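J.:
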Amino acid sequence: MSTGKKVLIGAGALVVIAAFVMVSARSRSDKGARVRIEELGRRALVAAVTASGRIEPLRKVDVSSDITGRITRITLREGDWAERGQLLIQIDPAQYEAAVQRSEALLASQEAASVQARANRDQAARTYARARQLQEQDSILISDEALEQARTQLEVSEALYQSATHQVEQARAGLRDARDALAKTQIRAPMSGTVTRLAVEEGEVAVPGTFSRETGLLLTISDLTVIQTVVQVDETDVVRISEGDSVSINIDAYPDTSFTGRVMQISQSAIQASLGQAGGDRAVDFEVKITLDTPPEGIRPDLSATARIVTDVREEALALPIIALTVREHEDLPSELSPADSATANGESKKTEREGVFVVEGGLATFRPVRVGIAGDEHFEVLEGLAEGDSIVAGPYQAVRDLRDKSPVRASGDGAGGTGGSR
Numbered sequence: 010m011s012t013g014k015k016v017l018i019g020a021g022a023l024v025v026i027a028a029f030v031m032v033s034a035r036s037r038s039d040k041g042a043r044v045r046i047e048e049l050g051r052r053a054l055v056a057a058v059t060a061s062g063r064i065e066p067l068r069k070v071d072v073s074s075d076i077t078g079r080i081t082r083i084t085l086r087e088g089d090w091a092e093r094g095q096l097l098i099q100i101d102p103a104q105y106e107a108a109v110q111r112s113e114a115l116l117a118s119q120e121a122a123s124v125q126a127r128a129n130r131d132q133a134a135r136t137y138a139r140a141r142q143l144q145e146q147d148s149i150l151i152s153d154e155a156l157e158q159a160r161t162q163l164e165v166s167e168a169l170y171q172s173a174t175h176q177v178e179q180a181r182a183g184l185r186d187a188r189d190a191l192a193k194t195q196i197r198a199p200m201s202g203t204v205t206r207l208a209v210e211e212g213e214v215a216v217p218g219t220f221s222r223e224t225g226l227l228l229t230i231s232d233l234t235v236i237q238t239v240v241q242v243d244e245t246d247v248v249r250i251s252e253g254d255s256v257s258i259n260i261d262a263y264p265d266t267s268f269t270g271r272v273m274q275i276s277q278s279a280i281q282a283s284l285g286q287a288g289g290d291r292a293v294d295f296e297v298k299i300t301l302d303t304p305p306e307g308i309r310p311d312l313s314a315t316a317r318i319v320t321d322v323r324e325e326a327l328a329l330p331i332i333a334l335t336v337r338e339h340e341d342l343p344s345e346l347s348p349a350d351s352a353t354a355n356g357e358s359k360k361t362e363r364e365g366v367f368v369v370e371g372g373l374a375t376f377r378p379v380r381v382g383i384a385g386d387e388h389f390e391v392l393e394g395l396a397e398g399d400s401i402v403a404g405p406y407q408a409v410r411d412l413r414d415k416s417p418v419r420a421s422g423d424g425a426g427g428t429g430g431s432r
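Position 41 of the sequence shown, counted from 1, bears residue number 50 in the numbering used here, the numbering being contiguous throughout.
Rendered as structure tokens:
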């Protein structure tokens with residue numbers, strides 16, 4: 010075979026090999042999973058807690074009766090303004106006026122009895138004084154027995170007088186109670202405000218709310234100049250909230266307006282637990298009170314509201330899409346372990362489940378553990394594990410869920426994905 014033919018055969022073989030390599034590479038590329046690839050950048054992140062609740066006035070008073078009686082007059086209706094000390098409800102005073110008259114008569118009787126007892130005591134004292142004077146002049150004029158009887162009579166009269174005096178005080182106390190009960194037939198406003206609830210009508214019987222607050226409630230007066238939103242926050246979120254945090258509030262009755270406010274108070278104990286939806290678990294919620302900066306005109310208590318409480322802000326955070334974060338079993342190197350784990354690992358690698366993302370390098374998706382900080386609406390703050398400009402798999406959700414370490418991937422331009430986590 011001539012030299013020229015050998016050269017041609019060699020060149021043809023090289024062309025075939027190169028074509029085979031290109032076809033193989035393209036075949037491998039075509040087998041890669043289609044994913045959305047993003048480069049890490051920086052952005053502003055806002056961490057927030059969203060909770061629902063209701064509108065309440067900062068100050069309100071539930072008015073109830075301390076006595077039992079039929080309501081004969083109601084001076085105000087719901088929505089009316091009440092001044093402090095203004096008459097709100099009149100209860101039939103007939104039986105309480107009669108009780109006052111009985112107490113006054115009893116007091117007069119006891120005072121008369123006291124006067125009589127005092128006169129008897131004074132008379133006994135004079136008798137005893139004369140008897141003792143006679144005995145001092147001459148013991149024959151009065152016997153020791155008569156002197157002793159006079160002294161005993163004085164002591165009895167003194168005791169009767171003291172008893173009558175105490176009965177007078179008792180009658181006076183009874184009269185004060187009767188007059189106090191009579192005064193309570195007129196229920197007056199304990200504070201200035203708007204009548205936001207009227208639970209009774211004229212002719213109904215008012216009863217004390219000793220055992221049931223709802224049963225004894227007559228009306229509610231609210232100060233609507235300062236309005237607050239009371240929301241229920243889950244125990245996992247309440248630890249992130251602090252007094253003074255800024256809040257955005259949406260009230261269902263005002264759908265086109267967002268209001269601002271501040272966290273005023275966080276309850277120290279959970280509200281009464283209720284049965285959860287699954288497994289019989291009990292939900293533990295805490296009340297958080299938020300003061301509105303500028304409440305709208307005509308706002309009413311008990312309106313439904315949703316509060317978005319801002320707990321933290323990062324202006325220039327390295328941001329990772331929430332959908333990109335996943336959990337995989339990762340082989341930690343000894344240098345990545347904590348001192349305690351390193352001691353137990355004896356220099357060997359240790360596989361544990363770690364949070365991380367898939368970093369794309371050379372067409373392969375490599376799992377890399379990361380440590381994240383606050384969570385915004387769609388992004389996590391990256392604290393460790395990634396650098397600005399790194400290319401990561403950012404979706405779609407199913408692709409991130411199914412990826413394995415060192416899997417081939419190819420960029421997809423379909424924009425599929427979402428904001429839900431892929432844990």
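Quick reminder that beta carbons are idealized off the backbone N, C-alpha and C, glycines included.
All values reported here derive from a predicted model rather than from experimental measurement.
For Gln195, which beta-bridge partners are listed by DSSP?
T.: BP columns for Gln195 point to Gln99.
J.: Taking C-beta to C-beta, are Thr234 and Ile258 nearer than 8 Å?
T.: No, these two residues do not count as a Cβ contact at 8 Å.
J.: Could you give the DSSP three-state label for Thr88: helix, strand or coil?
T.: Checking the sequence shown, residue 88 turns out to be Gly, not Thr. Gly88 falls in the coil class under three-state DSSP.
J.: Would you mind working out which of Ser313, Phe367, Pro378 and Val381 sits nearest Arg419, comparing C-alpha positions?
T.: If we check each option's Cα against that of Arg419, Phe367 comes out closest.
J.: Tell me which residues share the same chain as Leu116 and place their Cβ nearer than 8 Å to its Cβ, disregarding the 5 neighbours each side in the sequence.
T.: Same-chain partners within the cutoff: Val177, Ala180, Arg181, Gly183 and Leu184.
J.: Who are the near neighbours of Arg82 in its chain, counting only those whose CB is closer than 8 Å to its CB and skipping five residues on each side?
T.: The answer, listed in chain order, is Ile98, Gln99 and Glu211.
J.: Going by C-alpha to C-alpha distance, which of Ala396, Gln132, Pro217 and Tyr406 sits closest to Ile76?
T.: Here the closest residue by C-alpha is Pro217.
J.: Comparing C-alpha positions only, which one of Tyr263, Glu87 and Leu327 sits nearest to Thr315?
T.: Looking at the Cα atoms, Tyr263 is the closest of the given residues.
J.: Any idea if His175 is buried or exposed, counting beta-carbon neighbours within 10 angstroms, 16 or more meaning buried?
T.: His175 is exposed by the Cβ-count criterion.
J.: What are the boundary residues of the beta strand (DSSP E) that includes Gln237?
T.: First-last of the beta strand (DSSP E) with Gln237: Leu226 to Asp243.
J.: Thinking C-alpha only, which one of Leu226, Ala328 and Ser166 is nearest Ser74?
T.: Among Leu226, Ala328 and Ser166, the Cα nearest to that of Ser74 belongs to Leu226.
J.: Beta-carbon separation of Val256 and Arg309 under 8 Å?
T.: No, the Cβ-Cβ distance between Val256 and Arg309 is not below 8 Å.
J.: Going by the beta-carbon positions, is the gap between Ala122 and Ala155 smaller than 8 Å?
T.: No. Outside cutoff.
J.: To the nearest angstrom, report how far apart Ile230 and Thr84 are at their CA atoms.
T.: Distance between the alpha carbons of Ile230 and Thr84 is about 14 Å.
J.: If you drop the 5 nearest sequence neighbours on each side, which residues of the same chain put their C-beta closer than 7 Å to that of Glu393?
T.: Val379 and Arg380.
J.: Looking only at its own chain, which residues have a Cβ that is under 6 Å from the Cβ of Pro199, when we skip the five neighbours before and after it?
T.: Correct list, in chain order: Val70.
J.: Shortest alpha-carbon distance to Asp302 belongs to which of Val272, Ser221 and Val322?
T.: It is Val272.
J.: Helix, strand or coil: which one does DSSP assign to Leu116?
T.: Leu116 falls in the helix class under three-state DSSP.
J.: Do the stretch 95-114 and the stretch 122-138 meet, that is, are 3 or more Cβ pairs less than 8 Å apart?
T.: No, they do not touch.
J.: Which partner residues of Arg51 appear in the DSSP bridge assignment?
T.: For Arg51, which the question treats as bridged, DSSP gives the partners Leu327.
J.: Any idea what DSSP makes of Pro417, helix, strand or coil?
T.: It is a strand residue.
J.: Looking at the secondary structure, which residues open and close the beta strand (DSSP E) in which Arg82 lies?
T.: Run containing Arg82: Gly78 to Ile83, per the beta strand (DSSP E) assignment.
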